[in-house]
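Structure, as structure tokens:
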Amino acid sequence: MTVPLDRHYLAELQVSAERVSQLRRIVAAHLRHWNLDLQVRPVCRATEELLTNVRRHVGEGARCVVELRWSGRQLTVSVADGDARMPRLPHGGGGGLSRVMALSDSWGTCRTPDGKVVWFTRYAPTPRPTGLPPWAPLPAGLTSRSRPEAALV
Numbered sequence: 001m002t003v004p005l006d007r008h009y010l011a012e013l014q015v016s017a018e019r020v021s022q023l024r025r026i027v028a029a030h031l032r033h034w035n036l037d038l039q040v041r042p043v044c045r046a047t048e049e050l051l052t053n054v055r056r057h058v059g060e061g062a063r064c065v066v067e068l069r070w071s072g073r074q075l076t077v078s079v080a081d082g083d084a085r086m087p088r089l090p091h092g093g094g095g096g097l098s099r100v101m102a103l104s105d106s107w108g109t110c111r112t113p114d115g116k117v118v119w120f121t122r123y124a125p126t127p128r129p130t131g132l133p134p135w136a137p138l139p140a141g142l143t144s145r146s147r148p149e150a151a152l153v
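When we follow UniProt numbering, the leftmost residue of the sequence shown carries the number 1, and every step to the right adds one.
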């Protein structure tokens with residue numbers, strides 16, 4: 001299976017509860033299209049946390065840009081917004097960034113001329129085919145593919 005070296009998706013949106021859940025479904029669809037099914041839950045959860053933080057700290061209806069980039073080895077998700085205040089991890093943990101940190105291999109923030117970007121990465125190697133054909137469905141009544149020991153005698 002050949003995978004292009006760089007997959008990319010970019011979305012600009014005004015953040016709201018409805019748009020956060022909609023973007024979560026879009027991110028999941030892209031990950032499945034890129035054959036990254038094992039990444040769907042953690043990446044969507046962390047992306048949702050970043051978007052929820054924009055809603056909570058920048059404001060309902062704030063404009064932001066979500067970007068996904070997969071290199072064939074590493075998946076990077078970033079959320080840029082127009083607020084120059086940098087996020088901080090709470091001392092006791094438990095905040096949205098703590099969850100992002102737990103769901104990612106690395107994360108960070110950087111200032112931009114227009115605000116800031118918060119990003120995270122996950123190791124996501126190119127899926128390798130197993131080379132095994134899928135199993136055919138079992139006939140009715142059978143629960144195992146191997147015969148019992150007594151039947152082999």
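Even for Gly, the Cβ is constructed at its ideal location relative to N, Cα and C.
Taking the Cβ atoms as the reference, L23 lies roughly 6 angstroms from L51, within the contact range of under 8 angstroms.
One Cα belongs to E12, the other to R128, and the distance between them is close to 32 angstroms.
The beta-carbon distance between V118 and S71, rounded to whole angstroms, is 19 angstroms. This is too long to meet the 8 angstroms contact definition. D83 and D114 have their C-alpha atoms spaced approximately 8 angstroms apart. Only buried fits C64, as 16 or more other CB atoms lie within 10 angstroms of its CB. A straight line joining the alpha-carbon of E48 with that of A29 spans about 15 angstroms. Taking the Cα positions, Y123 is about 32 angstroms away from E60. A Cβ-Cβ contact shorter than 8 angstroms links V54 with A62. A distance below 7 angstroms between beta-carbons, with the five flanking residues on each side excluded, links W107 to the following residues of its chain, in chain order: V100, M101, W119, F120.
Under the three-state reduction of DSSP, G96 is assigned to helix. According to the DSSP assignment, A80 belongs to the beta strand (DSSP E) that extends over 74 to 81.
Counted as a single uninterrupted DSSP element, the beta strand (DSSP E) harbouring V65 occupies residues 63 to 70. In this structure, D105 is the residue among D105, A136, A140, S21 with its C-alpha nearest to the C-alpha of Q39. A direct Cα-Cα distance of roughly 45 angstroms separates A80 from W135. Secondary-structure assignment with DSSP links V117 through a beta bridge to A80, C110.
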